[in-house]
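Encoded as structure tokens, the structure appears first; notes follow it.
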Amino acid sequence: MITRDALALGEQELPRRRGIPDPRREAMWLLARAWGVEEVTLRLHPEREVPSEIETRYRAWLERRAAGEPAHHLTGECEFWGRVFQVSPAVLVPRPETELVVQVALDLPLPPTARVLDIGTGSGCIAVSLAAERPKWRVSAVDVSPEALAVARTNATRHEVEIEFHEADLTSSMDPPWDLIVANLPYIPTTDLEALPREVHHDPPSALDGGPDGLDLVRRLVEDLPRLLRPCGGAILEIGEDQADGVASLAANVGLGVARRIKDPGGCERIVVLQPR
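Numbering (the numbering used here), first residue to last: 94 to 370.
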């Protein structure tokens, strides 16, 4: 099989749906990673013969991808903030919008040796990115899942950063004070889960389900922020669509103010920054 025929096969085998809007683009992504080459190489050399072992892997990936398995679960890796992270079914595959959390954190005027806590770290993508960009920050990360923490530790080692990891339910074992708290907690309302793309259902349910209004865990965290934050500290939360007003109300009830509300490229208010009043 040559490259051109392999891509045509992928375009034929992959169904066009919400999770696969462009089957040919998806096929090229899969073939490039199965082969270990850049996508531009496939475009420049359409007549090149695909090695038999690569073709076998590619065909298997096409079958699994067509069945709804996320592309990043096939490769076991996902790019985030310019770095490659290990992922697995134990963690939420990092989304591009979550890079806003990192961007906002790096823009804050924090002390050079700021104490930073990532809650619900999952793959560790936020904590590792912050630790790599600000080596003097003292970064800690917490998750309730030991399987997720294993992935996060692997990513911290891979990118040669020092992070203190804790297995705990939210902030139950975390001692204040913190200069910055970041969190991408489950925020999808339970009734909305079934309508998500098929690929998303391969992520851990505990990383998606935010309860009846999507704010169960966010509510618990916001209520504990006054205990956790320094008087001049702040918290950056990733939230879902139409939740910014609700989070602002929760914050006001515990004496916190909303310093910023930031929209993602799709126009959703995706990030809120909270600070003590």
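Ideal placement from N, C-alpha and C gives every residue a C-beta, glycine not left out.
Contact check for leucine 155 and glycine 103: beta-carbon distance about 6 Å, within the 8 Å limit, so the pair qualifies. Judged by DSSP in its simplified three-state form, tryptophan 154 adopts helix. In this structure isoleucine 219 does not touch valine 311 by the C-beta definition: roughly 16 Å separates them, more than the 8 Å allowed. Shown here for leucine 199: same chain residues with a beta carbon closer than 8 Å to its own, the five before and five after excluded, namely Leu223, Glu226, Arg227 in chain order.
Considering only Gly327, Glu253, Ala300, the residue with the shortest C-alpha distance to aspartate 272 is Gly327. The Cβ-Cβ distance between valine 237 and glycine 217 does not fall below 8 Å. With contacts defined by Cβ atoms closer than 8 Å, alanine 120 and leucine 100 form a contacting pair. The C-beta of alanine 261 has fewer than 16 other C-beta atoms within 10 Å across all chains shown, which makes the residue exposed. If you draw a 10 Å sphere on the C-beta of glutamate 331, you find 16 or more other C-beta atoms in it, and that means buried.
Taken through DSSP and simplified to helix, strand or coil, leucine 137 comes out as helix. Straight through space, the alpha carbons of serine 342 and serine 266 are spaced by roughly 26 Å.
For tryptophan 122, the enclosing alpha helix (DSSP H) starts and ends at 116-128.
Here asparagine 248 is buried: its Cβ has 16 or more other Cβ atoms, across all protein chains shown, within 10 Å. Going by beta carbons, glycine 333 and isoleucine 256 fall outside the 8 Å limit. In this structure, Leu137 is the residue among Lys356, Leu137, Leu263, Trp230 with its C-alpha nearest to the C-alpha of isoleucine 95. By the neighbour-count criterion, in which a residue is buried when 16 or more other Cβ atoms sit within 10 angstroms of its Cβ, cysteine 171 is buried. Under DSSP, arginine 110 takes part in a beta bridge, and its partners are Ile113. The residues Ala183, Val184, Gly215, in chain order, have a CB closer than 6 Å to that of alanine 241 in the same chain once the five nearest residues on each side in sequence are set aside. DSSP places histidine 165 in the helix class (H, G or I) of the three-state scheme. Bridge pairing for leucine 367: Ala328, Val351 [DSSP]. Taking the Cα of proline 269 as reference, the smallest distance to any Cα among Leu322, Leu286, His252 is reached at Leu322. Leucine 322 is bridged by DSSP to Trp271. Taking a C-beta distance under 8 Å as the contact criterion, isoleucine 364 and valine 130 do not qualify as a contact pair.
Cβ contact annotation for arginine 246 (same chain, cutoff 7 Å, sequence separation greater than five): Phe258, in chain order. Just measuring C-alpha positions, the residue of Glu316, Asp335, Pro358 sitting nearest leucine 367 is Glu316.
Beyond the five residues adjoining it in sequence on each side, leucine 286 comes within less than 7 Å, by CB distance, of Leu301, Asp302 in the same chain, given in chain order. Residue pairing for glutamine 179: DSSP places it in a beta bridge opposite Glu170.
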